[in-house]
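Be aware that the sequence shown starts at 1, since it is given in the working numbering, and climbs by one per residue.
Heads up, the beta-carbon is just placed ideally off N, CA and C, and yes, glycines get one too.
Given the structure is predicted, the values throughout are model-derived calculations rather than measurements.
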Amino acid sequence: MDKFTPVFPELELAVTELLNARTSMGLYATILSDRTSSATGEVFVRKVVIADPQGLHTITQFCLQTSSGEADCFGLSKDSVSVVDVRKYMDYLNEQEPERG
């Protein structure tokens, strides 16, 4: 079997929808991190962390390589944050704060 490249179409759509919604509200949103890693030998996980002045957003999805070599995505979840995500968000907010004189 060839090297498996996980794909996350539902996650990518969810990220695009979130960014578009924030933009239409006049908010500047930024992707703080976008990571793909191996959860087990056959299962990969991708997590995107997005911040804007009103909140912290995460989107996570898993992808399994089937025996036929195709991708089977599952477990799409939104806004399940970790301590590391909150720290990144606090750093983001601190960078957005205007200089105080």
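State the DSSP-derived secondary structure class of residue i, mapped to helix, strand or coil.
i	result
S80	coil
K3	coil
L27	coil
R100	Confidence in R100 is poor, its pLDDT being 43 and thus under 50, which makes the residue's placement too unreliable to answer from.
Tell me, please, which residues DSSP counts as bridged to residue i.
i	result
V43	L64
R35	K47
Residues in the same chain with beta-carbon distance under 6 Å from residue i, minus the five sequence neighbours each way, listed in chain order, please.
i	result
R35	K47
Y89	A51, L56
Here's a check: name, in chain order, each residue in its chain whose Cβ is nearer than 8 Å to the Cβ of residue i, leaving out the five neighbours to either side.
i	result
E10	Q61, C73, L76
Exercise for the section: Decide if the stretch 47 to 67 is in contact with the stretch 9 to 28; the criterion is three or more beta carbon pairs, one per stretch, under 8 Å apart. Expected result: yes
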